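In this note's numbering, the protein residues as written are 207 to 483.
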C-alpha cells in the first residue's frame with residue numbers, strides 16, 4: 207500500500223509538471239545566413255544583421271515561433287551551408303544552378319533586383335557583346351553573376367579585362383574615376399551605395415531581372431515543415447495588414463498575389479534553377 211501511495215504521488219508530480227510545461231515543445235534555433243547585399247541584407251555598425259530582407263525573415267520567424275541566429279558569410283560558404291544543411295535559411299535570389307534540387311524557396315516573392323551593366327553618362331549604350339571587346343569591367347569580389355554575363359566575361363575572343371573590388375561604394379568610385387569602362391553589379395546595392403556617396407544616377411543596360419525569396423535548405427531538419435510555417439506566417443501577417451512596412455522596403459506591393467500552395471515533394475517548383483546573385 208505504501209509503495210502504491212508513493213507511486214501515485216510520483217505520478218501526480220509528473221502530471222503536474224507536464225501541465226505547467228509549455229503545451230508545445232520549444233522550436234529549434236534556425237541559422238539564417240546572408241551576405242553583404244545592402245539595403246536588403248548587411249551588418250550594421252553595431253554588428254547586427256539588418257536590411258529589408260533580414261527584417262522580413264525576422265518578422266516571419268517570430269510569428270512562426272522560431273528563434274533565429276544570423277550569420278554574415280561569403281557567398282560560397284552560404285551556398286555550401288545550404289547544400290550540407292548547416293544553414294537553414296538564406297534570403298536571396300531564386301535560381302542558383304548550384305542549389306537546384308537542394309533548396310526549397312518560399313512561395314512568397316519578397317523583392318526584386320536587376321543585374322545591370324552600368325556606364326558613365328558620357329558613354330554610349332553598348333552593343334552586347336561586341337562593345338565589350340578589350341574593355342575593362344569592374345566586378346564585386348565574391349559575387350556570382352547570370353551565366354550569360356559570366357560567359358561574356360570568360361570569352362577569350364573578347365579579351366575583357368576585369369577589376370575586382372570588395373564593395374559597391376569603391377566600385378562606383380572606380381567607375382567615376384575611369385578605372386574601368388563598365389560596372390557589372392546588382393541594382394539594389396548600387397542604388398544604396400550611390401545615395402550614400404551622393405552620386406548622380408548612372409545609365410545602365412539591364413541584363414537580367416531576379417526575384418528574391420526566402421530560401422530553405424532541403425537538408426536541414428524538417429525543412430518542408432519550416433518552409434510551410436514561414437509561408438503561413440507570411441499569409442497571416444499580410445492578411446492582418448501587418449507587413450506593409452516590410453513589403454514597401456522590399457519594393458513589393460502589398461496587393462501582390464498571395465503565395466501559391468506548397469508544391470508536393472519532387473515537384474519542379476520546389477527547387478531553384480537558373481542563376482542569381
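Beta carbons: idealized from backbone N, C-alpha and C, even for Gly. Just so it is clear, the structure is predicted and the values come from calculations on it, not from any experiment.
Assuming the contact rule is C-beta atoms closer than 8 Å, residue i and residue j should be a hit. Round their C-beta distance to whole Å, please.
i, j, result
"residue 359", "residue 378", "Their Cβ separation, rounded to whole angstroms, is 19 Å, which puts residue 359 and residue 378 out of contact at 8 Å."
"residue 371", "residue 347", "6 Å"
"residue 233", "residue 285", "Actually they do not touch by this definition, with Cβ atoms about 25 Å apart."
"residue 334", "residue 368", "Actually they do not touch by this definition, with Cβ atoms about 16 Å apart."
"residue 338", "residue 366", "6 Å"
"residue 292", "residue 238", "So it is not a contact: roughly 12 Å between Cβ atoms."
"residue 265", "residue 405", "So it is not a contact: roughly 32 Å between Cβ atoms."
"residue 325", "residue 409", "6 Å"
"residue 381", "residue 389", "5 Å"
"residue 375", "residue 413", "Going by Cβ atoms, the distance from residue 375 to residue 413 rounds to 22 Å, so no, they are not a contact pair."
"residue 275", "residue 457", "Not a contact, Cβ separation roughly 27 Å."
"residue 296", "residue 240", "7 Å"
Evaluate residue i with the Cβ neighbour count: other Cβ atoms within 10 Å of its Cβ, from every protein chain shown; 16 or more gives buried, anything less gives exposed.
i, result
"residue 244", "buried"
"residue 281", "buried"
"residue 452", "buried"
"residue 383", "exposed"
"residue 419", "buried"
"residue 150", "What the structure shows of the chain is the stretch from 207 to 483, and residue 150 is not part of that stretch, so it cannot be assessed."
"residue 258", "buried"
"residue 251", "exposed"
"residue 313", "buried"
"residue 321", "buried"
"residue 227", "Note that residue 227 scores 45 on pLDDT, short of 50, meaning its location in the model is unreliable and no value can be drawn from it."
"residue 472", "Low confidence applies here, because residue 472 scores a pLDDT of 34, under 50, leaving its location unreliable; read the following figure in that light. Burial call: exposed."
"residue 416", "buried"
"residue 387", "buried"
"residue 401", "exposed"
"residue 235", "exposed"
Based on the DSSP output, what are the partners of residue i in its beta bridges?
i, result
"residue 190", "Residue 190 is absent from the model: the chain starts at 207 and stops at 483."
"residue 298", "419"
"residue 342", "367"
"residue 408", "DSSP output for residue 408 lists no bridge partner at all."
"residue 237", "275"
"residue 310", "422"
Cβ-heavy atom distance between residue i and the ligand MN below 7 Å?
i, result
"residue 373", "Among the components of this structure there are no ligands whatsoever, and the ligand MN is therefore not found."
If we cut at 8 Å on Cβ distances, does residue i have a partner in chain D?
i, result
"residue 424", "Among the chains in the structure shown there is no chain D, since it carries only a single protein chain."
Could you give the uninterrupted runs of the alpha helix (DSSP H) lying entirely in the region 239–278, keeping only those of 4 residues or more? 258–270
Which residue spans inside the region 357–402 form an unbroken alpha helix (DSSP H) run of at least 4? 374–382
Using a Cβ distance threshold of 8 Å, determine whether the region 412–432 contacts the region 290–309, with at least three qualifying pairs required. yes
Tell me whether the region 233–251 and the region 380–397 touch, counting them as touching only if at least three CB pairs, one residue from each stretch, are closer than 8 Å. yes
Is the number of C-beta pairs between the region 425–434 and the region 285–305 that are closer than 8 Å three or more? yes
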